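In what follows, a structure is listed as structure tokens, so that the remarks can point back to it.
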Amino acid sequence: MNWIPWFKWLGGYLLIFVAVFVVAFTVAMSTGDYDVAQSTSGRTIVLLAALVILAWSVWGLHLISDGEQQRWIKYIQGFVVSITLAQGFGGIAQVMWPMYLDNIFRIGGVFLLSIWAFILLLEVARLALSPSWQPLAVAREVLDEAVAMKVVVALVVIALIALAALPFLLNPDEPLRYQVQTFLSWSMAISTVLLSIMTILLACWTLSNEITDKQIHMVAVKPVSRGTYLLGKWIGVVTLNGVLLAVVGVAIYAFVTLYLTSDSAMRDRAMDDEDRIAVMNEVMIARISSRPEPPRPLADEVADTLKKMMQERPQDVMAMGKDEASDQGITFAGDAKLMQLGQERALRLLSNDAWDEWLTLGPNEFETYVFKGLKPALKTWLKRYNAWYPRAEKKIKELTGEQVDLSNHLKADGVLRELYGKHPDAYAQVPPRPLDWMVLRYKIRAPGSENIMMRMRVNGRPAEEKMLVGEVQVMKIPVNFIDDNGELTIQMAVAFDQYPRDKAPTASFTTKEGLSILFPVDRFTPNFIRAFLALWVKLAFLAMVGLFAATFVSFPVASMLAFTVYGAAVLSTYMLESLRAFGLGDTWIGHALAWLITTIATVVSTLISKFGEFTPREQVVEGLLFSWSDLAQCFLWNGLIQTGLLALLAWWIYSKKELARVQV
Amino acid sequence: MANHDENVIEIRDLTKVFKDFWMRPRVTAVAGLDLDVHKHEVFGLLGPNGSGKSTTIKIILGLLFPTKGRVKILGKLPSDVLTKKHIGYLPEESYLYRFLNARETLDYYGRLFHQDRRTRQKRIDELLKMVGLDAVQRRPIGEFSKGMQRRIGLAQALINDPDLLILDEPTTGLDPIGTRQIKDIIVMLKERGKTVVLSSHLLSDVEDVCDRVTILYGGKKRREGTVDELLVKQDTTVMETSTLKPETITKIEQLIEAEEGKCLSKVHAQRQRLEALFLEIVEKARSEGATTSGALSGGGMAGFLSEGERRTYTDEEPEGEALIDELVKPSAPEPVAATTPAAPSVEETEARERDTVIDQLVKGDEPPPLPKRASGDSTDAASDDDDQPDRSVIDDLL
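Residue numbers (this note's numbering), protein chains in the order written: chain A, 343 to 1006; chain B, -15 to 382.
As structure tokens, this is what we get:
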């Protein structure tokens, strides 16, 4: 290639730099104002230089697009030019919006870095797809196509800009834990949605467009089976997803850990110590939520009650059957059917009752809740503590010059208190101690009351807490309360301020957030990685949905279809619920139609419902564990079963397809 | 002559009906076609637009499925994946990925053939030189002209050194040099014992290279045979000499009249063939150092294509051929096996056609398509008789 224009370009660029320095220096000397960027003349110089550099980088872009050279040469050129572009914009920003300069630089920096990380990883992926295995050849073609497809690039750029800009939309007056949660939630949601859209568009396009544009005529006549070809297309889309998730994931992770929750960042940003502790123990953590188990399985109890009811009052069951039939819109049902429906209804009502009763604290009575399997809480806490105390000791040594011993967690509190008494400044700088307590979360419903007093015994230790009705309450329970079996038995009773004991209304735990113990079992990082792996699996499924749709319809229809399936998959859990109540009027046509629709929809929803069942994003945001077993199940259901079934179907349709016929 | 023992393609009672959404028959593209392509022959599928040539080819390749009938290719069903290792196919247009460059494109197709990296690189280098796109190999295909894309299409059809090469309208969009090169390649592949199926409505293409042709119309076979069988005009004799004096011609005429009671129907001076003229002009421009952003002349034959057994081929060297060789040699970087394919004889051309071509070349426009026909070589009795050989056949059909 011809290097001369490039040398000219680089030479000119360096010349501009030298010239700007010389001019700025001269101006500073002559005016005596050394803070060049503040003075009017200085700002004019910066602005002019920025404009010249901007023009220069446009010339650079022009040179890149002109040449026909190796990719890596283009990348080096592109990198240099992108830096000059950034310099140009940076210079302008410095003069025009000096107050936002930090933010502009940060957004720009993150954006630029992510773009280049993306390009670099994409090249790595291309390299990984080089071995001469046919599907990999097809996959690499998909990667190249994705880059050539402007929609894909646009979506990637939007995602990266959004990610880079998101931190500055956070409200700094909020507690840091909410800021971190907001950022995690939004950044993961934005990237998931944009990547899903991109995946569907690319998957649909890459397959259907080859038929419309007839490239398939030159591919299908090569010794490539159609299954291999589909596999290659899928691998291509999935590889691209992997690259994008890696870039986005690293960007989010780096931002959260370095910018929001590093020791120094928390010192600046956290509202107070409690906020700091909350960030480390409620967000940047992977916790398990454990629910109490009834002393005897409630289902057994319910089954017994039902049996008794059937023997003693069959007419009641029959009546329930009639109710159920009319609820479900079934007009024609024999006695046997009615009986069966009645049993279903009774079982449902009875088990609801049993749960309600168990979760209800009547006046003058107490209930025992046993939380089992809490050993990991103790183990994890020790692990975290052992990771923390050398760090803290080192920091204390640095700050105060004192060597303290924190290895015994029972004595650590005293040691620290004494230390902070002497060195109050050290308090905020020592990394927060991992908490040695779990969180008991509960929410109580008690009609007609506002304040109640909870009286409990936690493994025999008494505790008392005043609480507001209808709010989620959080109580700290030290991990060493857990007994040797890993169990925690909590006896609870309610005392109302405003009522005498025997006239108090009943209070009950609401079922959803009713009663649970949260305790850490893993660190944030592995949890975050698992969550992103799960997102990858889900995108892989979406890629197959897109390919599947494109095997039998053209691009616009295929993408619409794929988006519909995506929507249905996301909402399938709700759909399944609403389908139970679905009806179309009390005529036989209505019934028939409703039956048809519900049957089809139920089958489809059940098949895809596993998609909405795994919620890695929500779990990461809430600081809840997304376990290996969750990931394995997600892989099994979304990755193997759903994707596999769809792949078989796609393969079957595609091999029956006349590829030379243009579809509409 | 070709070995007839084995059929490379066997079609029996092939029918293809295109149906609409409601499964109502719309178009019958092929109706009860029987066809055999023998090993080692160059077979021509002739017919006007819409006569079912492309449909037949697509069925052979498994891109369409027959409505009725049986198709075998290299002894296997069209759906058999492995047979495709031995097939090269150039569709009626080059359907390429616009975002890949020439080199990446060929690399992609090479990978689909399971070729290892070294083989791929070697073949791609040779093919790019052969089709004259060596210098623009890093430009995206989307920027290529139609003819340049056609050359890439040809290169990808040859990348596996196919035993059976199927070319659908190979010369559309190509300049005469490219056209000439395709013919050379066909002849050379035939020499190496390969089989070529050529579909075209450009009769000169077919006539120049094909051993046997089938003429389709309305999806049915109308005529089949060797080119010689089909084209010999039984009631005409053609003689060719260097320029004669008018008196000599008068004497000959008198002799014919006296001996056979017939008269001379046509006497004319031999004209240069348009193809030769075109090549001459391009060569001149090149020697003057004019630049082009398009395809350069091809660099002879790709090495891997001309390796292996060859049959000796003896024929007189026609004037056009010498020029081609001259054009080809300077840009050929390594000694390549020179080919001396069938000799196209000089063809008569209208003077104004010639003027138009020169005009267009001077203005820098696209060259006009090839002269509609090129007559066969000197063994071809009908070569000098204006339009008749091909058109009479078509007229018959219509």
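Glycine included, every Cβ here is placed at the ideal spot set by N, Cα and C. A quick note: this is a predicted structure, and the numbers were derived from the prediction, not measured.
query: For Tyr73 (chain B), write down the residues that DSSP places opposite it in a beta bridge.; result: B:Ile150
query: Tell me the DSSP secondary structure of Val65 (chain B) in three-state form.; result: coil
query: Leu857 (chain A): buried (16+ other C-beta within 10 angstroms of its C-beta) or exposed?; result: buried
query: For Trp6 (chain B), count neighbouring Cβ atoms within 10 angstroms of its own Cβ and tell me buried if that reaches 16, exposed if not.; result: exposed
query: Let me know if Tyr996 (chain A) comes out buried or exposed under the rule of 16 or more other beta-carbons within 10 Å of its beta-carbon.; result: buried
query: Can you check DSSP and say which residues form a bridge with Trp779 (chain A)?; result: A:Pro820
query: Would you please verify whether the beta carbon of Ala934 (chain A) is less than 8 Å from any beta carbon of chain B?; result: no
query: Against Val65 (chain B), what residues of chain A qualify as contacts under a CB-to-CB distance less than 8 Å, listed in chain order?; result: Pro565, Val566 and Ser567
query: Taking all protein chains shown into account, do 16 or more other C-beta atoms lie within 10 angstroms of the C-beta of Ala882 (chain A), making it buried, or fewer, making it exposed?; result: buried
query: Can you check which of these residues, A:Val945, A:Val422, A:Asp646 and A:Trp697, is closest to Arg633 (chain A) by C-alpha distance?; result: A:Trp697
query: When DSSP builds the beta bridges, which residues end up paired with Glu165 (chain B)?; result: The sequence shown places Gln at residue 165 (chain B), not Glu. Answer is none; Gln165 (chain B) lacks a bridge partner.
query: Would you be able to state if there are at least three C-beta pairs under 8 Å between the stretch 675 to 685 of chain A and the stretch 814 to 824 of chain A?; result: no
query: Give me the Cβ distance between Arg629 (chain A) and Asp665 (chain A), rounded to the nearest whole Å; I'm assuming they're in contact under 8 Å.; result: Not really, about 42 Å apart at Cβ, beyond 8 Å.
query: List, in chain order, every chain B residue whose beta-carbon is nearer than 7 Å to that of His559 (chain A).; result: Leu47, Pro75 and Tyr79
query: According to DSSP, Arg207 (chain B) sits in a beta bridge with which residue or residues?; result: B:Ile199
query: Leaving aside the five residues before and after Ala459 (chain A) along the sequence, list all residues of the same chain whose C-beta is less than 6 Å from its C-beta, in chain order.; result: Val589
query: Pull up the distance between the alpha-carbon of Leu396 (chain A) and that of Ala507 (chain A), whole angstroms please.; result: 23 Å
query: Can you tell which of B:Lys0, B:Thr40, B:Ala13 and B:Pro62 has its C-alpha closest to the C-alpha of Val563 (chain A)?; result: B:Pro62
query: Under 8 Å by Cβ, that's how I've got Leu30 (chain B) and Ser184 (chain B) pegged, so tell me the actual separation to the nearest angstrom.; result: 7 Å
query: For Leu640 (chain A), which residues from the same chain have a beta carbon less than 6 Å from its beta carbon, with the 5 sequence-adjacent residues on both sides left out?; result: Ala696
query: Might you give, ordered along the chain, the residues of its own chain that have their beta carbon closer than 7 Å to the beta carbon of Lys0 (chain B), omitting 5 neighbours on each side?; result: Ala13, Val14, Thr39, Ile43, Leu48, Pro50 and Thr51
query: Does the Cβ of Asp658 (chain A) have 16 or more other Cβ atoms within 10 Å, making it buried, or fewer, making it exposed?; result: exposed
query: Going straight from the alpha carbon of His70 (chain B) to that of Thr103 (chain B), what length do you get?; result: 16 Å
query: For His22 (chain B), which of helix, strand or coil comes out of DSSP?; result: strand
query: Check whether the stretch 796 to 804 of chain A touches the stretch 825 to 836 of chain A, taking contact to mean three or more Cβ pairs, one atom from each stretch, closer than 8 Å.; result: yes
query: Measure the C-alpha to C-alpha separation of Pro328 (chain B) and Ile170 (chain B) and round it to an integer number of angstroms.; result: A caution first: Pro328 (chain B) carries a pLDDT of 40, below 50, which makes its placement in the model unreliable, though a value can still be read off. Computed Cα separation, rounded: 14 Å.
query: Which parts of the stretch 489 to 550 of chain A are runs of the alpha helix (DSSP H), unbroken and 4 residues or longer, counting only runs that do not cross its ends?; result: 492 to 507
query: Can you tell me whether Pro355 (chain B) is helix, strand or coil according to DSSP?; result: Its pLDDT being 41, under 50, Pro355 (chain B) is placed unreliably by the model, and nothing is read from it.
query: Could you list which residues in chain A have their beta carbon closer than 7 Å to that of Gln140 (chain B), in chain order?; result: Met560
query: Under 7 Å, CB to CB, which of the residues in the stretch 461 to 481 of chain A have a partner in chain B?; result: Ser474, Gln476 and Ala479
query: Grouping DSSP H, G and I as helix and E and B as strand, with all else coil, what is Arg8 (chain B)?; result: coil
query: I'd like to check one pair, Leu692 (chain A) with Ala667 (chain A): are the Cβ atoms closer than 8 Å?; result: no
query: With H, G and I counted as helix, E and B as strand and the rest as coil, what does DSSP make of Gly36 (chain B)?; result: coil
query: Output needed for Tyr711 (chain A): all residues of its chain with C-beta closer than 6 Å, excluding positions within five of it in sequence on either side, in chain order.; result: Pro634 and Ile832
query: Grab the span of the alpha helix (DSSP H) containing Asp669 (chain A) for me, first residue to last.; result: Pro656 to Gln670
query: May I ask you to report which of helix, strand or coil DSSP gives Thr426 (chain A)?; result: helix
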